[in-house]
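Novice: Order-wise, the sequence lines are chains P and U.
Per our numbering, residue 1 is the first one in the first sequence, and the count goes up by one each step.
Per our numbering, residue 260 is the first one in the second sequence, and the count goes up by one each step.
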Amino acid sequence: MSVQKSWVELQKMHRACTLVVETLDLLERAAVPGTTTKELDRIALENFKKHGAKPAFLGYRGYPATLCVSINEEVVHGIPSERRKLKEGDIVGLDLGCVVEGFFGDSARTVAVGKVSTDAQRLMDTTREALFAGIEMCRPGKRVGDIGHAVQRHAEGRGYAVVRDFVGHGIGTSLHEEPQVPNYGPAGRRERLVPGMCLAIEPMLNMGRAEVEVLKDGWTAVTEDRSLSAHFELSVAVTEHGPWILSEPYPYAREVAHA
Amino acid sequence: MPEAARELIEVGGIVRESLPNALFRVELENEKRSVAVAHVAGGGGLLRLLPGDNVLVELHPYDMTRGRIVRKRG
Numbered sequence: 001m002s003v004q005k006s007w008v009e010l011q012k013m014h015r016a017c018t019l020v021v022e023t024l025d026l027l028e029r030a031a032v033p034g035t036t037t038k039e040l041d042r043i044a045l046e047n048f049k050k051h052g053a054k055p056a057f058l059g060y061r062g063y064p065a066t067l068c069v070s071i072n073e074e075v076v077h078g079i080p081s082e083r084r085k086l087k088e089g090d091i092v093g094l095d096l097g098c099v100v101e102g103f104f105g106d107s108a109r110t111v112a113v114g115k116v117s118t119d120a121q122r123l124m125d126t127t128r129e130a131l132f133a134g135i136e137m138c139r140p141g142k143r144v145g146d147i148g149h150a151v152q153r154h155a156e157g158r159g160y161a162v163v164r165d166f167v168g169h170g171i172g173t174s175l176h177e178e179p180q181v182p183n184y185g186p187a188g189r190r191e192r193l194v195p196g197m198c199l200a201i202e203p204m205l206n207m208g209r210a211e212v213e214v215l216k217d218g219w220t221a222v223t224e225d226r227s228l229s230a231h232f233e234l235s236v237a238v239t240e241h242g243p244w245i246l247s248e249p250y251p252y253a254r255e256v257a258h259a
Numbered sequence: 260m261p262e263a264a265r266e267l268i269e270v271g272g273i274v275r276e277s278l279p280n281a282l283f284r285v286e287l288e289n290e291k292r293s294v295a296v297a298h299v300a301g302g303g304g305l306l307r308l309l310p311g312d313n314v315l316v317e318l319h320p321y322d323m324t325r326g327r328i329v330r331k332r333g
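1. I'd like to confirm the pairing. Which residues does DSSP put opposite residue 99 (chain P) in its beta bridges?
2. Quick one: does residue 323 (chain U) have its CB under 9 Å from some CB of chain P?
3. Beta-carbon separation of residue 24 (chain P) and residue 94 (chain P) under 9 Å?
4. At which residues does the alpha helix (DSSP H) containing residue 132 (chain P) begin and terminate?
5. So what's residue 204 (chain P) in DSSP terms, helix, strand or just coil?
6. For the alpha helix (DSSP H) containing residue 266 (chain U), list its first residue and its last residue.
7. Note down, in chain order, every chain U residue with its Cβ under 9 Å from the Cβ of residue 217 (chain P).
8. Can you find the residues in the same chain that come closer than 7 Å, C-beta to C-beta, to residue 272 (chain U), ignoring five residues on each side of it along the sequence?
9. How many angstroms separate the CA atom of residue 33 (chain P) from the CA atom of residue 82 (chain P)?
10. Near residue 63 (chain P), what residues of its chain come up, given a Cβ to Cβ distance below 7 Å and the 5 sequence neighbours on each side ignored?
11. Report yes or no: is there a C-beta of chain P within less than 9 Å of the C-beta of residue 265 (chain U)?
12. At the level of alpha carbons, what is the spacing between residue 124 (chain P) and residue 202 (chain P)?
13. Give, in chain order, every residue of the segment 129 to 160 of chain P whose Cβ lies closer than 7 Å to some Cβ of chain U.
14. Counting only Cβ pairs nearer than 9 Å, list the residues of chain P close to residue 279 (chain U).
15. Give a single yes or no on whether residue 249 (chain P) has its beta carbon closer than 8 Å to a heavy atom of the ligand GDP.
16. Compare the C-beta of residue 310 (chain U) with all C-beta atoms of chain P and state if any pair is closer than 9 Å.
17. In chain order, what residues of the segment 197 to 210 of chain P put their CB closer than 9 Å to some CB of chain U?
18. According to the neighbour-count rule (16 or more other Cβ atoms, all chains shown, within 10 Å of its Cβ), is residue 249 (chain P) buried or exposed?
19. Measuring straight from C-alpha to C-alpha, what distance separates residue 267 (chain U) and residue 146 (chain P)?
20. CB-CB under 6 Å to residue 183 (chain P), same chain, minus the five flanking residues each way: which ones, in chain order?
21. Which residue or residues does DSSP assign as beta-bridge partners of residue 276 (chain U)?
22. Does DSSP put residue 239 (chain P) in a helix, in a strand, or in coil?
23. Note down, in chain order, all residues in the segment 169 to 193 of chain P with a beta-carbon under 7 Å from any beta-carbon belonging to chain B.
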């Protein structure tokens, strides 16, 4: 069972998640042909320092950077490098996390470098839609399996494969908390959702098959068939009124917020 | 940052004892212990298992003392 956060704790989650998404906005603008992936990593780290936040990924299980940059067939966990430059037509997954007052924010998006093919654009659009289909399920009375089911239905309905080897997760005072949130599976199963739970929902969709492999660096996950892959992630709190995307202002009337 | 999925784990083992209700005691090859496993064949039908048979067992991290026989090996 995931830890239920109080209203005060959710405010801290909100600050962390907002900073992550603002930093992703900066990175999205910097993701132009010729930028190295290491440069993006620096921008992220500097912005965190400016706001007094700590990077969440740096040092996590030995991860060497602030940001994960996963280009084209790379699914997730791409390590920034001075040698890797973005090219026109790339799709680039940017995954970022920070710690504010002990609370973690975690979010990702896949962005286009210059002009990309319509196939790539459709993959990215579908992945974002699948994320929102999952978020829609974040209500008390639903279960974790309902989230994965909604994501899978949306993705497979449009002909994409859902990555199974990596999953979303609870989030709070550590980056990965219970429960795991797979992006697939039957509805109505797994943990019950209760107000105060915070989940990082993160569909990873492949244009080809679902299988992924991890490269020799121990981190970078790529599609086994080298087809394009996209990844979107938001941290969401379950409230008694429905989902609260933690990087956005509280969407319900303040006086009815749960304790 | 996604987390590596913590899902079912597949391990090989050898059937040591036949128990009631289509249960078997299986000695796992990677650890020196036995677990009780329900025998659910993937194809639907029951397959005949005898002590000494080499099998593939599916375990869930929540309860590593029980599992499911997926199929017979070799």
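Glycine is no exception: its CB is placed at the ideal position from the N, C-alpha and C atoms.
Specialist: Taking the definition as stated:
1. P:54, P:104
2. no
3. yes
4. 118 to 135
5. strand
6. Run containing residue 266 (chain U): none; DSSP gives neither H nor E here.
7. Here the premise fails: no neighbours, minimum Cβ distance about 15 Å.
8. 285, 286, 287, 288, 314, 316
9. 14 Å
10. 57, 219
11. yes
12. 13 Å
13. none
14. Correct list: empty, because the minimum Cβ distance to chain P is about 29 Å.
15. Because no ligand of any kind appears in the structure shown, any question about the ligand GDP cannot be addressed here.
16. no
17. 200, 202, 204
18. exposed
19. 20 Å
20. 148, 151, 162, 203
21. U:284
22. strand
23. Of the protein chains in the structure, P and U, none is chain B.
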